[in-house]
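First the structure, in the form of structure tokens, and then the observations on it.
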Amino acid sequence: MHDPKKVIPVELDDRYSRQVLFPQVGREGQQKLEKARVAIVGCGATGSALALLLSRAGVGLLRIVDRDYVEPSNLQRQSLFDEHDASESVPKAVAAARQIARFNSQIAVEPHVADLIPSNIQALLGDIDLILDGTDNFETRYLVNDFAVKNSVPWIYAAAVGSYAVTLNILPGATPCLACVFPDPPRGTIETCETAGILNSAVNLVASIAATEALKFLVGARAKMRASLLSWDVWENERAEVAAGRPRENCRACGQRQFVYLAGEGRPHITLCGRNSVQIHERQRPIDFAELESRLQPHGTVRHNEFVLKFWHDPFEMTLFPDGRAIIKGTTDTAVARSLYARYIGS
Ligand SMILES: [Zn+2]
């Protein structure tokens, strides 16, 4: 870890001078950025790039919410992480905050190692000016959308898979919300980064566009914000833009104000993470890593640091967080994951 006392003080004018020279930001805009509070939900590839751009731009507070830890397969595109983070399984939110502190110690970064769920969303997003989408799933996006529409907080949808990227600005009351545009989650086989792969350039493109829209919003240039669903395929060189229009009258969220995701309806306690793994997060139990490590030693390989405990029990790999949440790799069968958890951690 770097020692903040050793950081040479940098005059604000120097750090942000080139951005302040850009007249649409200017000194006034820069001061607005310093006071801004932005949440990034999900800190994988898109979240990393968003956090990198906005922290360097001088957004005063960045709250980074992510449930996962860094793995080697992330390093191709998740630009805030390094090999050390992957070998130590550092939670992404923590690794991101550490990395940002190395290049901008003047802003506040709050890492939260957590799954964004109805019971914690008010605490995590309640005092935020703008929410940015770094998630990889529609369930969390609909939850964010419910919260944003209900509380009139703007948010920016962003997604990338393969060479394709898509983004939409959502200003509740003024523009269509996510449920206006996509009333239901995509059906059938959904392409994910695990099945279709992902180009890091597609991620950086969508993050650059979303970060620019965020800057416009934060400096007060709302009229300049894009009013369309924008998609871009960087491999095929295809760009498409669909006018977003007005909010849909009978929209479940912004029309009827039925916030079913916020109410937690239909949300399972066990969710698949979109790869060969299952997340168990219904257990709220503080875990003593040292005690558990000695208890698990006879049953497999186990090690822990201050953030995670890893337990290898062939063919499974269990990653446990201090609050009792676990990600179990090596199965997509929730019953198998549940029974492993019950056997080794407790029921
Ligand atoms: Zn709507």
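Residue numbers (our numbering): 3 to 349.
Every residue gets a Cβ at the ideal spot worked out from N, C-alpha and C, and that includes glycine.
Counting the other Cβ atoms within 10 Å of the Cβ of V244 gives fewer than 16, which makes it exposed. Contiguous beta strand (DSSP E) elements confined to the stretch 153–209 occur at 157–163, 166–172, taking only those with 3 or more residues. Note that the C-beta distance between V67 and A110 is not below 8 Å. In the structure shown, H283 falls within a coil segment according to DSSP collapsed to helix, strand and coil. Per DSSP, the beta bridge partners of I133 are A41, W157.
The C-alpha of A160 lies about 31 Å from the C-alpha of A339.
In the DSSP assignment, T336 is bridged to no other residue. Using a cutoff of 7 Å, the CB of G257 counts as near ligand 1, since one of the ligand's heavy atoms is closer than that. Rounded to whole angstroms, the gap between the alpha carbons of R327 and H283 is 5 Å.
Non-local beta-carbon contacts of A344 in its own chain, meaning distances under 6 Å to residues more than five positions away in sequence, are absent.
Shown here, R305 sits in a strand according to DSSP, grouped into three states. Closer than 7 Å to some heavy atom of ligand 1: that describes the Cβ of A181. With a cut-off of 7 Å, the C-beta of R250 is classified as near ligand 1, since at least one heavy atom of the ligand falls inside that distance.
Shown here for F323: same chain residues with a beta carbon closer than 7 Å to its own, the five before and five after excluded, namely V115, V310 in chain order.
For Y71, the pairing in a beta bridge is given by DSSP as P93. About 25 Å separates the CB atoms of V262 and T48; that is not less than 8 Å, and the two are not in contact. For G136, same chain residues with a beta-carbon under 7 Å away, outside a window of 5 residues either side, are I42, V43, G44, C45, G46, T48, G49, L52 in chain order. The closest heavy atom of ligand 1 lies 7 Å or more from the beta carbon of C45. Judged by beta-carbon spacing, F140 lies beyond the 8 Å limit of P185, meaning their Cβ atoms are not closer than that value. For the pair of segments examined, the stretch 138–153 was found not to touch the stretch 212–226: the number of CB pairs separated by less than 8 Å stays below three.
Residue range 110–115 is occupied by the beta strand (DSSP E) that includes P113, with no alpha helix (DSSP H) assigned at that position. DSSP places I123 inside the alpha helix (DSSP H), whose first and last residues are 120–127.
In the three-state scheme derived from DSSP, where H, G and I count as helix and E and B as strand, I347 is classed as coil. For R254, the secondary structure class from DSSP, reduced to helix, strand or coil, is coil. In this model, L56 and S296 are separated by some 42 Å (Cα to Cα). When the Cα atoms are used, S19 and S81 turn out to be separated by approximately 24 Å.
The C-beta of K37 has fewer than 16 other C-beta atoms within 10 Å across all chains shown, which makes the residue exposed.
In this structure, the straight-line span from the alpha carbon of E215 to that of I172 is close to 11 Å. Contact between P178 and S154 is absent: CB atoms are separated by about 15 Å, not below the 8 Å threshold.
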